[in-house]
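Peer 1: Here it is, the structure, as structure tokens.
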Amino acid sequence: AQSVSQHNHHVILSEAASLELGCNYSYGGTVNLFWYVQYPGQHLQLLLKYFSGDPLVKGIKGFEAEFIKSKFSFNLRKPSVQWSDTAEYFCAVMAYGNNRLAFGKGNQVVVIP
Amino acid sequence: NAGVTQTPKFQVLKTGQSMTLQCAQDMNHEYMSWYRQDPGMGLRLIHYSVGAGITDQGEVPNGYNVSRSTTEDFPLRLLSAAPSQTSVYFCASSYSKEYEQFFGPGTRLTVL
Chain A
2 AQSVSQHNHH VILSEAASLE LGCNYSYGGT VNLFWYVQYP GQHLQLLLKY FSGDPLVKGI
62 KGFEAEFIKS KFSFNLRKPS VQWSDTAEYF CAVMAYGNNR LAFGKGNQVV VIP
Chain B
17 NAGVTQTPKF QVLKTGQSMT LQCAQDMNHE YMSWYRQDPG MGLRLIHYSV GAGITDQGEV
77 PNGYNVSRST TEDFPLRLLS AAPSQTSVYF CASSYSKEYE QFFGPGTRLT VL
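In structure tokens, the structure reads:
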């Protein structure tokens, strides 16, 4: 079964700083990759996804992620964060032929105004 | 479309009580799933269904039952609640298992 690792569970940064969250997975085959965001008190929403094609994908609110197959990574980036980006971010992986979506443990991001 | 709905939003149970968490979707999605969210643990899959009449276990199925008699509904039953089941429960659905999942608002359950 695939597993997903997210590092630096708590991230605190100031507005306008750049954000990068790492995501690594353990599965050697074809995968679909997702980043979800959970704002305080809300349910999870899709930020962006990668199925195939251009490994650099752009999502909502200025977020982007890069799939590097050789590194089994799907890191999330935003060049300049805002206070409203305060949230918990989850990376998720579904392997082809597997019915289960595996989530990482999440990154709690706090943006200080 | 209402999307994915869950009831109740909050629930307090005593140890040993049983209850059913309701989940419904109106998007005609085939794939539905239940997760629990605990601090520092991310989301862990409890049970999932790839279509009406078909269910399977996820990562943490013990103490929970599910059924899928219709495409729209996917209830989660706690047979005999334990304090370890205190958590936030999310239901999700998607067009098929490979696609984006849409999440419900969650049920916050406390077992005393």
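Read top to bottom, the protein sequences are chains A and B. Each residue of the first sequence is one higher than the last, beginning at 2 in our numbering. Each residue of the second sequence is one higher than the last, beginning at 17 in our numbering. In this text, a Cβ means the ideal position worked out from N, Cα and C, and glycines have one as well. Computed from a predicted structure; not experimentally measured.
Do the CB positions of residue 33 of chain A and residue 73 of chain A come within less than 8 Å of each other?
Peer 2: no
Peer 1: Can you find a CB in chain A that lies within less than 8 Å of the CB of residue 56 of chain B?
Peer 2: yes
Peer 1: Hey, would you say residue 93 of chain B sits closer than 8 Å to residue 111 of chain B, going by beta carbons?
Peer 2: no
Peer 1: Nearest-angstrom Cα distance between residue 13 of chain A and residue 68 of chain B?
Peer 2: 44 Å
Peer 1: Can you tell which of B/54, B/53, B/84 has its C-alpha closest to the C-alpha of residue 136 of chain B?
Peer 2: As displayed, chain B neither begins before 17 nor continues past 128, which places residue 136 of chain B out of reach and without an answer.
Peer 1: Strictly under 8 Å for the Cβ-Cβ distance: is residue 100 of chain A near chain B by that measure?
Peer 2: yes
Peer 1: Taking its Cβ as the centre, do 16 or more other Cβ atoms sit within 10 Å of residue 91 of chain A, making it buried, or is it exposed?
Peer 2: buried
Peer 1: Across the stretch 75 to 83 of chain A and the stretch 58 to 67 of chain A, are there enough close Cβ pairs to call them in contact, namely three or more that are closer than 8 Å?
Peer 2: As far as the Cβ criterion goes, the stretch 75 to 83 of chain A touches the stretch 58 to 67 of chain A, which means the pair count is three or higher.
Peer 1: Should residue 122 of chain B and residue 39 of chain B be called a contact, given that it needs their Cβ atoms to be closer than 8 Å?
Peer 2: no
Peer 1: To the nearest whole angstrom, what separates the beta carbons of residue 98 of chain B and residue 34 of chain B, a pair I think is in contact under 8 Å?
Peer 2: By a beta-carbon distance limit of 8 Å, residue 98 of chain B does not contact residue 34 of chain B. Their separation comes to about 11 Å.
Peer 1: Could you work out which residues of chain A lie near residue 120 of chain B, taking near to mean beta carbons separated by less than 8 Å?
Peer 2: 44
Peer 1: Considering only the alpha carbon of each residue, which of B/62, B/77, B/37, B/75 lies closest to residue 27 of chain B?
Peer 2: Cα-wise, what sits closest to residue 27 of chain B is B/37.
Peer 1: Are the C-beta atoms of residue 107 of chain A and some chain B residue less than 8 Å apart?
Peer 2: yes
Peer 1: With a cut-off of 8 Å on the beta carbons, I'd call residue 82 of chain A and residue 20 of chain A a contact; round off their distance for me.
Peer 2: Contact check for residue 82 of chain A and residue 20 of chain A: beta-carbon distance about 5 Å, within the 8 Å limit, so the pair qualifies.
Peer 1: Please list the terminal residues of the continuous beta strand (DSSP E) segment that includes residue 21 of chain A.
Peer 2: 20 to 22
Peer 1: Rounded to whole angstroms, what is the Cα-Cα separation between residue 61 of chain A and residue 19 of chain B?
Peer 2: Approximately 20 Å between the Cα atoms of the pair.
Peer 1: Please state whether DSSP places residue 63 of chain A in a helix, a strand or coil.
Peer 2: Helix at residue 63 of chain A.
Peer 1: What are the residues in the stretch 25 to 49 of chain B lying within 9 Å of chain A by C-beta distance?
Peer 2: From the stretch 25 to 49 of chain B, only 47, 49 have a Cβ closer than 9 Å to chain A.
Peer 1: So residue 35 of chain A and residue 116 of chain B are supposed to be a Cβ contact under 8 Å. How far apart are they, rounded?
Peer 2: Yes, they are in contact, since the Cβ atoms of residue 35 of chain A and residue 116 of chain B sit about 7 Å apart, within 8 Å.
Peer 1: My understanding is that residue 88 of chain A touches residue 110 of chain A, with C-beta atoms under 8 Å, so please give their C-beta distance in whole angstroms.
Peer 2: 6 Å
Peer 1: Which residues, in order along the stretch 79 to 92 of chain A, keep a beta-carbon less than 8 Å from a beta-carbon of chain B?
Peer 2: Those would be 91, in chain order.
Peer 1: Excluding the 5 residues preceding and the 5 following residue 101 of chain A in the sequence, name in chain order all residues of the same chain whose CB lies nearer than 6 Å to its CB.
Peer 2: So the list is empty, once near-sequence residues are dropped.
Peer 1: Specify the secondary structure class of residue 42 of chain B as computed by DSSP and reduced to three states.
Peer 2: In the three-state reduction of the DSSP assignment, residue 42 of chain B falls in the coil class, being assigned neither a helical nor a strand state.
Peer 1: Relative to the C-alpha of residue 86 of chain A, which residue among A/96, A/106, A/16, A/95 is closest?
Peer 2: A/16
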